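Per my numbering, residue 858 is the first one in the sequence shown, and the count goes up by one each step.
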Amino acid sequence: MSRPRGGSRKSNTAPRPQGRSGTPWLYLAPALVVLGGLLVYPIYQLGLISFFQYTQAQVSGGEPTTFEGFGNYSALFSDSQFWQVLLATVLFAGACVVSTLAVGCALAVLLTRVRALPRLVLMLAALGAWATPAVTGSTVWLLLFDPDFGPVNRILGLGDHSWTYGRLSAFFLVLLEVVWCSFPFVMVTVYAGIRAVPSEVLEAAALDGASQWRIWRSILTPMLRPILTVVTIQSVIWDFKVFTQIYVMTNGGGIAGQNLVLNVYAYQQAFASSKYSLGSAIGVVMLLMLLAVTLVYLRLLRRQGEEL
């Protein structure tokens, strides 16, 4: 007998569990609590203080806290020094990011071309620089470039030249230290991405006569774009909010504040001048700028069809 046409067919789809839609949030709850305590609440307090008059008089209880609205931001944006420091911060951070990415990517490619022992030595040396505290690294670089006892001036024959006296030379010295302690992250991350690229692709490009620069530009860069995006965004965030290196190597911002960046400028306003509300306003401006740069960069990548 033939089976009736209206007979039911057995479905291969497994039934979905009911009542478990909130289970992932239970696993994420401890991390969300920690992030809320370490990030959300401090950011909330930072923004709150920026809308009040909050100086040493309010901290000591001598005067009541008064609501200023956008008064602190108006005073900040009308200060010509703020715009000078902002421009210096953007240029300095941009130079640090480009230099860090260039050195890190070049050494990542070099790691794929050398033998095991030189690769291990380079890895250990880079990780040692990465693990060095910022204060220690800044102090060591100051000793290397010391005008009286530093070996760099002796090797270059510069006599008692002071690297921290001039504005550009001081920024250049800090840039070298920032790149020195930042490139290992880029190098290790990009090296791991290169090792994940199928060797057949690179061998085919080499057989076709492609140079190393052409292989990097036409093959590795498109395949490593998500990784390069991550290291670029993190480098922008790290270098834009540099504090320790500038503060230590230029003695708090250089002569007459010629080497100030936003983080050091905010510290001076908040703690040296006891203008905590103005320092908080600078912190909020920095936070919004970094969020805008990150969101714009990710939006451009999504328009190009990249998956992160």
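Where a beta carbon is used, it is the ideal one built from N, C-alpha and C, also for glycine.
Bear in mind the structure is a predicted one, so any value in this text is a computation, not a measurement.
Practice prompt. Tell whether a beta-carbon distance below 8 Å holds between Gly1110 and Ala1123.
Written response: With respect to the 8 Å criterion, Gly1110 and Ala1123 are not classified as neighbours on the basis of their beta carbons.
Worksheet item: For Ala1127, does the count of other Cβ atoms within 10 angstroms reach 16, so buried, or fall short, so exposed?
Response: buried
Practice prompt. Can you grab the Cα-Cα spacing for the pair Asp1096 / Val1047, in whole Å?
Written response: 19 Å
Fill in: Status (buried if at least 16 other CB within 10 Å, exposed otherwise) for Phe1029
exposed
Worksheet item: Measuring CA to CA, which of Val1141, Val1153, Leu1155, Ala1149 is closest to Val897?
Response: Val1141
Item to complete: Return the CA-CA distance between Phe949 and Phe1100, expressed in angstroms with no decimal places.
Response: CA-to-CA, the gap between Phe949 and Phe1100 works out to about 12 Å.
Practice prompt. Taking 8 Å as the threshold, find out whether the stretch 1110-1119 comes into contact with the stretch 929-949 through three or more Cβ pairs.
Written response: Judged by Cβ distances under 8 Å, the stretch 1110-1119 makes contact with the stretch 929-949, as three or more pairs qualify.
Worksheet item: Can you check whether the CB of Val1088 is closer than 8 Å to the CB of Val1043?
Response: yes
Worksheet item: Around the C-beta of His951, are 16 or more other C-beta atoms found within 10 angstroms, so that it is buried, or is it exposed?
Response: The question names His, but residue 951 in the sequence shown is Gly. Its Cβ having fewer than 16 others within 10 Å, Gly951 is exposed.
Worksheet item: Starting from Ile1012 and walking both ways along the alpha helix (DSSP H), at which residues does that stretch end?
Response: Where Ile1012 is concerned, the enclosing alpha helix (DSSP H) stretches over 1008-1013.
Worksheet entry | Helix, strand or coil at Thr969 [DSSP, three-state] | coil
Worksheet item: Tyr911 and Ala1138 look like a contact to me (Cβ under 8 Å); what is the Cβ gap, rounded to whole Å?
Response: Between Ala1138 and Tyr911 the Cβ distance is about 10 Å, and since that is not below 8 Å, they are no contact.
Worksheet item: Residues in its own chain within less than 7 Å of Arg866 by CB, not counting five upstream and five downstream?
Response: Confidence at Arg866 is low in this model, with a pLDDT of 48, below 50, so the placement of that residue should be treated as unreliable; the coordinate-derived value is given next. Excluding positions up to five away in sequence, the list is empty.
Practice prompt. Return the bridge partner residues of Thr993 from the DSSP annotation.
Written response: Answer is none; Thr993 lacks a bridge partner.
Item to complete: Go ahead and pull the three-state DSSP assignment for Gln910.
Response: strand
Discussion item. Just to confirm the assignment, what range does the alpha helix (DSSP H) spanning Phe927 have?
Written reply: For Phe927, there is no enclosing alpha helix (DSSP H), as DSSP marks it with neither H nor E.
Item to complete: For Lys1132, write down the residues that DSSP places opposite it in a beta bridge.
Response: Thr912
Worksheet item: Does DSSP classify Tyr933 as helix, strand or coil?
Response: Correcting the residue identity first, residue 933 is Leu in this sequence and not Tyr. DSSP places Leu933 in helix when its eight states are reduced to three.
Fill in: From Leu892, Leu883, Pro881, Val954, residue whose alpha carbon lies closest to that of Lys1098
Val954
Item to complete: Could you check if Tyr1133 is buried or exposed, using at least 16 other CB atoms within 10 Å of its CB as the buried criterion?
Response: buried
Discussion item. Let's see if you can read the secondary structure: which residues bound the alpha helix (DSSP H) around Pro1055?
Written reply: First-last for Pro1055: undefined, no H or E at that position.
Worksheet item: Would you say the stretch 1057-1064 touches the stretch 973-980, given that touching needs at least three Cβ pairs under 8 Å?
Response: no
Worksheet entry | Distance, Gln941 Cα to Ile1090 Cα | 24 Å
Worksheet item: When burial is assigned at 16 or more other CB atoms within 10 Å of the CB, is Trp1070 buried or exposed?
Response: exposed
Worksheet item: Taking C-beta to C-beta, are Ile1051 and Ala963 nearer than 8 Å?
Response: no
Discussion item. Going by DSSP, what residue range makes up the alpha helix (DSSP H) through Asp1096?
Written reply: Counting along the chain, the alpha helix (DSSP H) containing Asp1096 begins and ends at 1082-1097.
Discussion item. Quick check: what's the CA-CA separation for Ala959 versus Ser1092?
Written reply: Going by the C-alpha atoms only, they are around 12 Å apart.
Fill in: Exposed unless 16 or more other CB atoms sit within 10 angstroms - verdict on Ser995
buried
Worksheet item: Would a C-beta distance cut-off of 8 Å place Pro1008 and Asp1017 closer than the cut-off?
Response: no
Item to complete: Use the C-beta contact count for Ile1103: other C-beta atoms within 10 angstroms, 16 or more gives buried, fewer gives exposed.
Response: buried
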